[in-house]
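For the sequence shown, the residue numbers in the working numbering are 1 to 314. The structure under discussion appears below in the form of structure tokens.
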Amino acid sequence: MSDVRIDPRELRHALGAFVTGVTVVTTRDTDGTPRGFTANSFTSVSLDPPLVLVCIAKSAGSFDVFERVDGYAVNILGEDQRDVSGVFATDTPNRFEKVIWSDGPAGHPVFEGTAAWLDCSMHERVEAGDHVILIGRVEGFHAHSEAPLGYCRGAYVTFGLEQDAVAAGGRDARIGAIIEHNEAVLLMEGPDGGPALPTGQCLGEAKDPQSLHGVLAKTGLKSELGFLFAVFEEQGTGHLNIFYRGTIEEEPGSLKGARFVPFDKIDVDALRSSADRSMLRRYIAERTEAQFGIYVGDEKSGYVHPLATTKGNT
Ligand SMILES: Cc1cc2nc3c(=O)[nH]c(=O)nc-3n(C[C@H](O)[C@H](O)[C@H](O)COP(=O)(O)O)c2cc1C
């Protein structure tokens, strides 16, 4: 055995770089009760015979159930199903009342609105450290046209809209960023003095003051935009809002017209734009939810927000 010391935080950070989909793995307990948990450890294994796997933590509340059942279904969530992922990743009561489901061909709950589902019989269970690998044999499956939900570095990502979103960035688009650093988010002083998320008319370049990059550059912050966070049309104005998650490249010095406000001090209602308010509310909610989001490691030892921290600070 190697005596190299592995820092679990560093390991989580490294593993979080692997982009996955998001699934909810379901079964029926021996008394028929539906059970399920959110999992991104799903992997396809073999086509002949058709095998897949998912890893369940021994600490999961439903671990005992998955130890005794004869199969499970894998629901591959669609990009509109972040809330479903949240429900099955937290101790929400009556989880199955929050989804429309029916029994799949092998008798395990399959959801509506998924990108695909696979219903499996239990092929083998393999002990693996603090998890057990559940290898399933696919007995039936269905693929839908929904774009899948993605997951990377503790946050949900979507793929389907990204290209359209960038292409649509024009006069009527509002391109914004949520830049997190040390448990705080970057807020600008809006035109009326109230707080606002940094936004521009396009992504642009630092030299264009109307662009998001230009707006950020004016504050003196060296930032980098990462994943697309949301794309939606604002009711009333009809503006297309495209928000990215960002990180900072170096410790911020004194900022012009902007400041980092700690999450617990943000007065979300004070933001004038309803788009900003809904963005921030969702971001804060998903940030909390993401504490459950990395299935390796110990939830209690603290969550690392890799995109939001500078190197050496994770
Ligand atoms: C995106 C995401 C992926 C997850 N992947 C897994 C996983 O692969 N295996 C696992 O055991 N838990 C995983 N979890 C955590 C479980 O969903 C969470 O612990 C859940 O509460 C377990 O439900 P239970 O306690 O009813 O079993 C994941 C959570 C999220 C948000």
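Just so you know, even glycine gets a beta-carbon here, dropped at the ideal spot from N, CA and C.
Just mark His142 as buried or exposed, buried being the case when its beta carbon has 16 or more other beta carbons within 10 Å. On the sequence shown, residue 142 is found 142 positions in, with the first residue counted as 1. It is exposed - the Cβ of His142 has fewer than 16 other Cβ atoms within 10 Å.
Answer with buried or exposed for Val4, where buried requires no fewer than 16 other C-beta atoms within 10 angstroms of its C-beta. Sequence index remark: in the sequence shown, residue 4 carries index 4 (1-based). Result: exposed.
Comparing C-alpha positions only, which one of Asp192, Phe243, Leu187 and Val261 sits nearest to Thr158? To locate residue 158, count along the sequence shown from 1; it is residue 158. Of the candidates Asp192, Phe243, Leu187 and Val261, the one whose C-alpha sits nearest the C-alpha of Thr158 is Phe243.
Does the Cβ of Ile56 lie closer than 6 Å to at least one heavy atom of ligand 1? Looking up residue 56 in the sequence shown gives position 56. Yes, the beta carbon of Ile56 sits closer than 6 Å to at least one heavy atom of ligand 1.
Could you tell me whether the stretch 56-68 touches the stretch 135-150, where touching means 3 or more Cβ pairs closer than 8 Å? no
Alpha-carbon spacing of Val110 relative to Val126, whole angstroms: Here residue 110 is taken as the residue at index 110 of the sequence shown, counted from 1. Here residue 126 is taken as the residue at index 126 of the sequence shown, counted from 1. Whole-angstrom Cα-Cα distance: 24 Å.
Do you know how far the Cα of Gly21 is from the Cα of Glu146? To locate residue 146, count along the sequence shown from 1; it is residue 146. To locate residue 21, count along the sequence shown from 1; it is residue 21. So the two alpha carbons sit approximately 13 Å from each other.
Excluding the 5 residues preceding and the 5 following Ala270 in the sequence, name in chain order all residues of the same chain whose CB lies nearer than 7 Å to its CB. Locating residue 270 in the sequence shown gives position 270, where the first residue counts as 1. So the qualifying residues of the chain are Gly194 and Pro195.
Among Asn94, Pro105 and Arg245, which residue has its Cα nearest to the Cα of Val74? Counting from one through the sequence shown, the residue named residue 74 turns up at place 74. Minimum Cα distance to Val74 is reached at Pro105.
Does at least one heavy atom of ligand 3 sit under 6 Å from the Cβ of Ser44? For ligand 3, the structure offers nothing, since it holds only ligand 1.
Quick check on the DSSP output: the alpha helix (DSSP H) that includes Phe88 runs from which residue to which? For this step, residue 88 is matched to residue 88 along the sequence shown. Per DSSP, Phe88 belongs to no alpha helix (DSSP H) and is neither H nor E.
Ignore the nearest five residues each way along the sequence and tell me which others in His239's own chain have a CB closer than 8 Å to its CB. Locating residue 239 in the sequence shown gives position 239, where the first residue counts as 1. Cβ within range, chain order: Asp172, Ala173, Arg174, Glu233 and Ala275.
Limits of the beta strand (DSSP E) - the one that Pro34 falls within: Counting from 1 along the sequence shown, the entry for residue 34 is found at position 34. Run containing Pro34: Pro34 to Ala39, per the beta strand (DSSP E) assignment.
Taking only three categories from DSSP, how would you classify Val22? Taking the sequence shown and counting its residues from 1, the one referred to as residue 22 is at position 22. Three-state result, Val22: coil.
Please tell me whether Ala184 and Pro262 are closer than 7 Å, where the distance is taken between their beta carbons. Walking along the sequence shown from the start, residue 184 turns up at place 184. Walking along the sequence shown from the start, residue 262 turns up at place 262. Taking 7 Å as the Cβ cut-off, Ala184 and Pro262 qualify as a contacting pair.
For Cys120, which residues does DSSP report across the bridge? Translated into positions along the sequence shown, residue 120 becomes position 120. For Cys120, which the question treats as bridged, DSSP gives the partners Tyr72 and Val138.
Put Thr158 into one of helix, strand or coil per three-state DSSP. Counting from one through the sequence shown, the residue named residue 158 turns up at place 158. Here Thr158 sits in strand by DSSP.
Would you say the beta carbon of Asn40 comes nearer than 6 Å to a heavy atom of ligand 1? In the sequence shown, the residue the question calls residue 40 occupies position 40. Under cutoff, so the answer is yes.
Cβ of Val54 within 7 Å of Cβ of Val87? If you number the sequence shown from 1, residue 54 lands on position 54. If you number the sequence shown from 1, residue 87 lands on position 87. Cβ distance not < 7 Å, so Val54 and Val87 don't count as in contact.
Quick one: which unbroken beta strand (DSSP E) runs of 3-plus residues sit fully inside the stretch 229-275? Chain order, please. 240-248 and 258-262
What are the boundary residues of the beta strand (DSSP E) that includes Asp203? As a first step, residue 203 is located in the sequence shown; it is residue number 203 there, counting from the start. A small fix is needed here, since residue 203 is Leu in this sequence, not Asp. From DSSP, Leu203 is part of no beta strand (DSSP E); its letter is neither H nor E.
Measure the C-alpha to C-alpha separation of Gly253 and Phe18 and round it to an integer number of angstroms. Along the sequence shown, one-based indexing puts residue 253 at 253. Along the sequence shown, one-based indexing puts residue 18 at 18. Distance between the alpha carbons of Gly253 and Phe18 is about 32 Å.
Alpha-carbon spacing of Lys218 relative to Phe37, whole angstroms: Locating residue 218 in the sequence shown gives position 218, counting from the first residue. Locating residue 37 in the sequence shown gives position 37, counting from the first residue. The alpha-carbon atoms of Lys218 and Phe37 are separated by roughly 45 Å.
With a cut-off of 8 Å on the beta carbons, I'd call Leu77 and Thr30 a contact; round off their distance for me. Position 77 of the sequence shown, counting from 1, holds the residue named residue 77. Position 30 of the sequence shown, counting from 1, holds the residue named residue 30. Not really, about 27 Å apart at Cβ, beyond 8 Å.
8 Å CB neighbourhood of Cys120 in its chain, flanking five on each side removed: Within the sequence shown, residue 120 is the residue found at index 120, counting from 1. The answer, listed in chain order, is Val52, Gly71, Tyr72, Ala73, Val74, Ala106, His108, Gly136, Arg137, Val138 and Glu139.
Counting Cβ pairs closer than 8 Å, one from the stretch 111-118 and one from the stretch 178-192, do we hit at least three? no
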